[in-house]
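Following numbering that gives the first Met the number 0, the numbering of the sequence shown begins with 0 at its first residue and continues without gaps. Below is one structure, written out as structure tokens; comments come after it.
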Amino acid sequence: MSGGGAHAAYQVGVLRALVRILPRDLANPFSIYCGTSAGAINAAVLAAHAEALRIGVTRLTGVWGRFAVEDVFAVDWGTLASTAYRWFSGLAFGRLGRSLPPALLDRAPLARLLATRLPLAGIGAGIQSGHLHAIGVTASSYTTGRSITFFEGAPECRPWQRADRAGVVGALSIAHLLASSAIPFVFEPVAVDGEYYGDGSMRQTAPLSAALHLGAQRLFVIGAQSPVLRATRFGGSPSPARIAAHVLNSLFLESLDADLERLERVNQTVRAMAQRGTAPPAGLSEVACLAIHPSEDLAALAATYYQALPRALRFFLGALARHGRPDPGLASYLLFQRGYCRHLMALGYADALREAVSIRAFLDRPEREQATGRVARGSPRAPL
């Protein structure tokens with residue numbers, strides 16, 4: 000599951016549709032979860048309740064359906080004014096020893112929420128019981144510049160090293176989730192084992208690779224961005240808010256779509272070789288994939304709910320926009336408000352139901368294989 004701040008509410012809607020689409024007696028079609036940014040938090044909740052997808056989805060629905068900005072970051076006038084003053088004084092008097100704050104917004108409320116509502120101990124229990132094969136959350140190291148996937152899984156899940164990315168095994172913590180979702184400049188970097196990390200979407204050139212390293216042979220992908228954004232046009236010189244939205248769109252959209260295209264090219268190559276009776280190179284095989292993306296522009300939807308943001312945050316965002324006009328693209332990532340989140344959940348639910356036949360066929364295959372004994376005990380089912 001990809002990231003995107005408040006956009007991740009869309010994923011919850013898709014998951015709610017899955018619960019409706021799949022048979023009620025099917026505990027969980029997934030045994031591997033991978034997430035980045037806000038998608039990492041969603042993935043962790045599902046992994047902590049791996050014994051039953053329905054329970055994990057219910058927990059996510061309850062939180063996202065009641066979200067308020069104050070549950071994620073501090074938005075009172077005092078905190079925002081203090082941050083703005085520190086930025087101004089740091090820029091103006093940096094040579095006099097004034098330093099810039101590490102981020103625009105303080106996520107202490109989210110840290111408290113996760114600590115009280117997310118039973119991370121359920122991940123280890125799920126692995127021990129066999130309901131969960133592995134979970135991986137990806138963050139970007141400001142120290143090394145590499146994309147790091149922190150994972151917890153069955154003994155056969157081994158660490159990996161590549162030129163620009165790596166997999167590190169160990170028990171997951173709240174710090175890993177906060178690190179993976181630390182949008183640059185917006186949220187403060189998070190220290191994990193002596194290194195500082197930011198949002199996992201940064202420098203994540205192959206977002207699908209973590210699931211494959213963890214043993215996945217089939218991928219069910221839930222995006223949190225709409226390709227419609229590519230067709231959006233804005234006239235005139237861009238404001239700081241528009242530039243920030245453009246950067247975030249690039250982080251959360253382009254790498255996933257590029258990796259999906261790359262996967263399809265590999266699949267086409269493998270199929271073509273099979274048709275010619277030629278064996279593919281070692282380590283190269285076809286990976287079935289089904290991806291669900293928003294059918295509407297989430298930034299355009301955000302414009303409808305902008306006034307629901309606390310006044311202090313609207314003032315703060317207005318200062319970054321031209322003539323004080325809000326930029327819905329930037330605001331959409333921070334709109335952790337009940338109305339907007341519920342709208343995205345409803346959109347995800349509707350989009351997934353339209354693909355019900357394809358989803359049911361895609362997720363039903365492992366269950367048929369298990370019924371005939373062709374899947375070994377403990378082997379990964381479809382990853383999410």
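Each residue gets a CB set at the ideal place from its N, CA and C atoms; glycine is no exception. Just so we're clear, the structure is a prediction, and the values are computed from it rather than from any experiment.
Check: What number of angstroms, rounded off, separates the C-alpha of residue 254 from the C-alpha of residue 1?; Outcome: 10 Å
Check: Residues in the same chain with beta-carbon distance under 8 Å from residue 357, minus the five sequence neighbours each way, listed in chain order, please.; Outcome: 289
Check: Output needed for residue 345: all residues of its chain with C-beta closer than 7 Å, excluding positions within five of it in sequence on either side, in chain order.; Outcome: 12
Check: According to DSSP, simplified to helix, strand and coil, what is residue 156?; Outcome: coil
Check: Which residues share a DSSP beta bridge with residue 287?; Outcome: 217
Check: Relative to the alpha-carbon of residue 351, which residue among 20, 7, 8 has its alpha-carbon at the smallest distance?; Outcome: 20
Check: I'd like to confirm the pairing. Which residues does DSSP put opposite residue 190 in its beta bridges?; Outcome: 195
Check: Just list the residues that DSSP pairs residue 176 with in beta bridges.; Outcome: Looking at the DSSP assignment, residue 176 forms no beta bridge with any residue, so it has no partner.
Check: Note down, one range per segment and in chain order, each beta strand (DSSP E) of at least 3 residues found wholly within the segment 95 to 170.; Outcome: 133 to 140, 146 to 152, 164 to 168
Check: Taking the continuous alpha helix (DSSP H) assigned at residue 328, which residues delimit it?; Outcome: 327 to 333
Check: DSSP on residue 200, reduced to helix/strand/coil?; Outcome: coil
Check: Work out the CA separation of residue 160 and residue 166 for me, nearest whole Å.; Outcome: 7 Å
Check: Taking the alpha helix (DSSP H) that residue 268 falls in, what are its first and last residues?; Outcome: 254 to 274
Check: Which of helix, strand or coil does DSSP assign to residue 30?; Outcome: strand
Check: What span of residues does the alpha helix (DSSP H) with residue 65 cover, start to end?; Outcome: Segment: none, residue 65 is in no alpha helix (DSSP H) and carries neither H nor E.
Check: Within the same chain, show all residues whose beta-carbon is closer than 7 Å to that of residue 8, passing over the 5 residues directly before and after it, in chain order.; Outcome: 63, 340, 343, 344
Check: With distances taken from CA atoms, which of 200, 133, 55, 176 is nearest residue 168?; Outcome: 133
Check: Whole angstroms is fine: what's the gap from residue 277's alpha carbon to residue 264's?; Outcome: 17 Å
Check: Tell me the rounded alpha-carbon separation between residue 281 and residue 269.; Outcome: 11 Å
Check: Could you work out which residue in 274, 314, 216 is closest to residue 284 when comparing CA atoms only?; Outcome: 216
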